[in-house]
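The sequence shown begins at 1 in UniProt numbering and counts up one residue at a time.
A virtual CB, placed ideally from N, CA and C, is assigned to each residue, including glycine.
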Amino acid sequence: MNKKINLHKPNFKFSRKISLRHYFKFAVGFNTKFTRYLEKIYKIKPKLNFIKLPSIKQKKQLSRVPNVKRNLKISHKLHLVCAIAICMNILMILIILGALQTAEQKMQSFYDIEYKNSIQQMQIRNDVVTLDHTILSAVINHDYEQSNEAVDLAVQKTVSDINILKKSFSDDQLMKELNNTLNKFIAEEMKVMSYVFAGQTEKALVAIRGDYKQHVDDLYDILDTVSIKAEHAATLALQETVQQRHHTTLLLIIATTSLGFILLFTAGMLDKTIRKATSKIIHIADCIEIGNLNFSGEKHLPGDELDDVICSCEQMAQTLQILMRDVASMLEEMAKGNMVYQTIHREHYTGDYQSLLVAAENMQSYINYALNNVDTATQRVEGHVKDVLEGAQNLSIHAVKQNESITQLSDTLCVISNNSKHNAEQIQKISQATYEMNEQVGITRQHMSQTTNAITDVTAHASKIKKIINTINDIAFQTDILALNASIEAARAGAAGRGFSVVAGEVRALAQKVTQAAKETEELIDNSLQLTNKCERTVSHTSDSLDLVVNRTNDITEMISKISKVVKKDQEDIKNISFEAENIRHIVRMNTETAQQFAYGSEDGYQQVNILKQQMKQFVRQEVSTDGNEKIS
């Protein structure tokens, strides 16, 4: 009578908790890997920000701006990629959660039906067993009233449980069979109880072993059929859930593949944009490196961050081009001699570029200062050379006069010699001759005094000239140093300073010529001083001789009688005097030639100074006057 009931929970192949945890681990891992991929490729860390679309007012303002690229920023593009990836992940999570929830609800409903049916079948079976026991107890114990009440309760409970089972099961045909079997079972039970109440125990036992047992078995069979149907329905629900899971997995694969293609396409577009912008930036940097600042083609338009970087690079190249051209113009004007050139692009010299402008203006100021010093030194040299020239001309004039005086002295000595020869014959005329001799001696003494003074003047002028020549040497040395410094500064300036380097070389060569001329002039003046000293000694001797002549003339006046005795001796003295006079004449001629050469050298130096002044006039420079005001010359 009692059959084994298969009461168990369905064997689900997955559960909600495990599936959600597994999927969330997958979603988090995918987002992490994708974020690291973006960080590795683009060297940035994307953040999830909602893309802010421009408002209508911003769109109007954007449409009014000419020549501006209307595309998203690089950061917005990356944010958009992240937003798409995360939205697709959320969409997949929602799809999977919905599918899992639907499958869970179906499985739970069928599980509840099978489980409740199993419990209800077990309860019905227990009710039938209780009913059997009650009937048997009534038959055996003959306790009809109590057994009748217990049987009624058992029957009511069995009917109630079967009605509950019928409500929770959807197979109408099976429930009709269950209802018919239940009615037959109740009818047979009432028949058995009627036998019991009538005291017909044997008939009751026969009925229990016969039709009653058959109806109980039929009831159990129907309940087994209900159990099998419930298990079959649960199996179908499980298969449907598995199939739905397969569909969900396929949908997930398709969505993941689509997301991958979308992300690859977006990453490819970003990579193309970045590569194109990077190649243009590298091209601009290479052009700047080789000094090519003239970019052909249209100007790059501003747009995203990379476009802004390219525009900034082009602006930097344009600024460098302006600065280079401005500096080149300044150096070219300085090479032409314009030392007061001012830049017209001063607003571009900002930041570290300011030091370039300061250095160029400092160089210009230094060259102005050097040229002003050279001009001042040239003017001073001109004054000194002019003084030397005047002194040389005066010296030449005095030397000519001295030569004339010596010539006259020589002629006078010749006359004296001739007179001495005729002293023997013309003794009567000796007084007249003595008188004339005294006059001539006086004149000679005057000439000798003039000669002595001229020699003294020549010596003094020669000393002054030596000082002037020393000053010229100092000026030439300073000019040579200034020219050397100017050559060095021109060499630092490079190709732009070649013209100024040539001018500095000419100034230096001119200074060397002046130094050489001054050295030669100094040597000539030293020789002239030696000769002048020698001439002064000779004149001194001549003066002594003239004094002796005067004394002797006085003696002649006093001792006319003794003239004849001393005539020969006077003739010898006159010869010596003539010889010394000839030497003096030769020395004076040499002094004259030296003075003329010195005058010629001074005149040549003066001409060289004028050439240097003409060279200085070619420079347009800024001078500072004595009252502190600046002026252009």
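Query raised in the report: Would DSSP call N294 helix, strand or coil?
Result: In the sequence shown, residue 294 corresponds to position 294, counting from 1. It is coil, neither helix nor strand.
Query raised in the report: Which residues mark the beginning and the end of the alpha helix (DSSP H) in which T201 is found?
Result: Within the sequence shown, numbered from 1, the residue matching residue 201 stands at position 201. Unbroken alpha helix (DSSP H) run through T201: T201 to A207.
Query raised in the report: Hey, how far is the Cα of H133 from the Cα of D127?
Result: As a position in the sequence shown, residue 133 is number 133, starting the count at 1. As a position in the sequence shown, residue 127 is number 127, starting the count at 1. Near 10 Å, if we compare the C-alpha coordinates of D127 and H133.
Report task. Would you tell me roughly how many angstroms separate the C-alpha atoms of D573 and L546, rounded to the nearest one? Result -> Residue numbering aside, residue 573 sits at position 573 when the sequence shown is read from its first letter. Residue numbering aside, residue 546 sits at position 546 when the sequence shown is read from its first letter. Straight-line spacing of the CA atoms in D573 and L546 works out to 11 Å.
Query raised in the report: How many whole angstroms separate the CB atoms of M334 and Q364, which I take to be in contact at a CB cut-off of 8 Å?
Result: Numbered from its first residue, the sequence shown carries residue 334 at position 334. Numbered from its first residue, the sequence shown carries residue 364 at position 364. Contact holds; Cβ gap of about 7 Å.
Report task. Round the Cβ separation of V549 and M448 to the nearest angstrom and send it over; I've been treating them as touching at under 8 Å. Result -> On the sequence shown, position 549 is the one that residue 549 refers to. On the sequence shown, position 448 is the one that residue 448 refers to. With 8 Å as the limit, V549 and M448 do not qualify as a contact, their Cβ atoms being about 11 Å apart.
Requested in this report: Quick one: using the 10 Å Cβ neighbour count with 16 as the cut-off for buried, is I195 buried or exposed?
Outcome: As a working mapping, residue 195 is identified with position 195 in the sequence shown. Correcting the residue type first, residue 195 is Tyr in the shown sequence and not Ile. By the 10 Å Cβ count, Y195 comes out buried.
Query raised in the report: Are the region 588-605 and the region 525-537 touching by the rule of at least three beta carbon pairs closer than 8 Å?
Result: yes
Query raised in the report: Would I95 pass as a contact of A230 if the rule is Cβ separation under 9 Å?
Result: Your numbering for residue 95 matches position 95 in the sequence shown. Your numbering for residue 230 matches position 230 in the sequence shown. Contact flag unset, no.
Query - Cα-Cα separation between G592 and T532, rounded to whole angstroms - result: For the purposes of this step, residue 592 is identified with residue 592 of the sequence shown, where counting begins at 1. For the purposes of this step, residue 532 is identified with residue 532 of the sequence shown, where counting begins at 1. The question names Gly, but residue 592 is Thr in the sequence shown. One C-alpha to the other measures close to 11 Å.
Requested in this report: Indicate whether V216 and A204 have their beta-carbon atoms separated by less than 9 Å.
Outcome: Against the sequence shown, residue 216 aligns to sequence position 216. Against the sequence shown, residue 204 aligns to sequence position 204. Taking 9 Å as the Cβ cut-off, V216 and A204 do not qualify as a contacting pair.
Requested in this report: Under the assumption that I469 contacts T521 (Cβ atoms under 8 Å), give the Cβ distance between them as a whole number of angstroms.
Outcome: Walking along the sequence shown from the start, residue 469 turns up at place 469. Walking along the sequence shown from the start, residue 521 turns up at place 521. Confirmed, Cβ separation roughly 6 Å.
Query - Contact under 9 Å by Cβ, Y341 with E489 - result: Position 341 of the sequence shown, counting from 1, holds the residue named residue 341. Position 489 of the sequence shown, counting from 1, holds the residue named residue 489. No. Outside cutoff.
Query raised in the report: Quick one: Cα of K157 to Cα of Q243, how far?
Result: For the purposes of this step, residue 157 is taken as the residue at position 157 of the sequence shown. For the purposes of this step, residue 243 is taken as the residue at position 243 of the sequence shown. Using only the alpha carbons, I get a separation of about 41 Å.
Query raised in the report: From this set, C414, D352, I284 and E202, which residue's C-alpha is nearest C311's C-alpha?
Result: In the sequence shown, the residue the question calls residue 311 occupies position 311. For C311, the nearest C-alpha among the options comes from I284.
Query raised in the report: What three-state label does DSSP hand Y212 in the structure shown?
Result: Position 212 of the sequence shown, counted from the first residue, corresponds to residue 212. If DSSP states are grouped into helix, strand and coil, Y212 belongs with the helices.
Query raised in the report: What residues in its chain sit with their C-beta under 6 Å from that of C535, if we drop five residues either side in the sequence?
Result: Walking along the sequence shown from the start, residue 535 turns up at place 535. Here the set comprises I455 and I587.
Query raised in the report: If we count the other Cβ atoms within 10 Å of its Cβ and call it buried at 16 or more, is R346 buried or exposed?
Result: Taking the first residue of the sequence shown as position 1, residue 346 is located at position 346. By the 10 Å Cβ count, R346 comes out exposed.
Requested in this report: Measure the alpha-carbon distance for N394 versus V327 and round it to whole angstroms.
Outcome: In the sequence shown, residue 394 corresponds to position 394, counting from 1. In the sequence shown, residue 327 corresponds to position 327, counting from 1. C-alpha separation (whole angstroms): 54 Å.
Query - Residues of its chain near Y349, where Cβ-Cβ distance is below 8 Å and the 5 sequence neighbours each way are ignored - result: The sequence position of residue 349 within the sequence shown is 349, counting from 1. Here the set comprises L323, T343, L356 and L357.
Report task. Please name the residue, chosen from E188, A504 and I475, that lies closest to A486 on a Cα-to-Cα basis. Result -> Along the sequence shown, read from residue 1 onward, the residue named residue 486 stands at position 486. Nearest option by C-alpha distance: A504.
Query raised in the report: What's the gap between the Cα of R125 and the Cα of V151?
Result: Position 125 of the sequence shown, counted from the first residue, corresponds to residue 125. Position 151 of the sequence shown, counted from the first residue, corresponds to residue 151. Just so you know, the alpha carbons of R125 and V151 end up roughly 15 Å apart.
Query raised in the report: Quick one, are the C-beta atoms of L259 and I84 less than 9 Å apart?
Result: Position 259 of the sequence shown, counted from the start, is the residue given in the question as residue 259. Position 84 of the sequence shown, counted from the start, is the residue given in the question as residue 84. Cβ atoms of L259 and I84: closer than 9 Å.
Requested in this report: Excluding the 5 residues preceding and the 5 following I611 in the sequence, name in chain order all residues of the same chain whose CB lies nearer than 8 Å to its CB.
Outcome: Residue numbering aside, residue 611 sits at position 611 when the sequence shown is read from its first letter. The answer, listed in chain order, is L510.
Query raised in the report: What separation, rounded to the nearest whole angstrom, lies between the Cα atoms of M590 and T412?
Result: For the purposes of this step, residue 590 is identified with residue 590 of the sequence shown, where counting begins at 1. For the purposes of this step, residue 412 is identified with residue 412 of the sequence shown, where counting begins at 1. In this structure, the CA atom of M590 is about 22 Å from the CA atom of T412.
Query - Cβ neighbours of G499 in the same chain (closer than 6 Å, five flanking residues each side left out) - result: Working through the sequence shown from its first residue, we reach residue 499 at position 499. For G499, where only same-chain residues beyond five positions count, the Cβ hits under 6 Å are A335.
Report task. Report the three-state DSSP secondary structure of T102 (helix, strand or coil). Result -> Here residue 102 is taken as the residue at index 102 of the sequence shown, counted from 1. It is helical.
Query raised in the report: From K386, C414 and I584, pick the residue whose C-alpha is nearest to that of Q608; which is it?
Result: Within the sequence shown, the letter at position 608 stands for residue 608. The option with the nearest alpha carbon to Q608 is K386.
Report task. Could you give the DSSP three-state label for I281: helix, strand or coil? Result -> Numbered from its first residue, the sequence shown carries residue 281 at position 281. Helix, per DSSP.
Query raised in the report: If you compare alpha carbons, which of A399, D224 and Q450 is closest to T542?
Result: The residue labelled residue 542 in the question sits at position 542 within the sequence shown. Measuring from the Cα of T542, the nearest candidate turns out to be Q450.
**Report entry** H247 in three-state terms, based on DSSP
**Finding:** As a working mapping, residue 247 is identified with position 247 in the sequence shown. H247: helix per DSSP, three-state reduction.
Requested in this report: Could you check what DSSP says for Y349 in three-state terms: helix, strand or coil?
Outcome: Counting from 1 along the sequence shown, the entry for residue 349 is found at position 349. Residue state, collapsed to three classes: coil.
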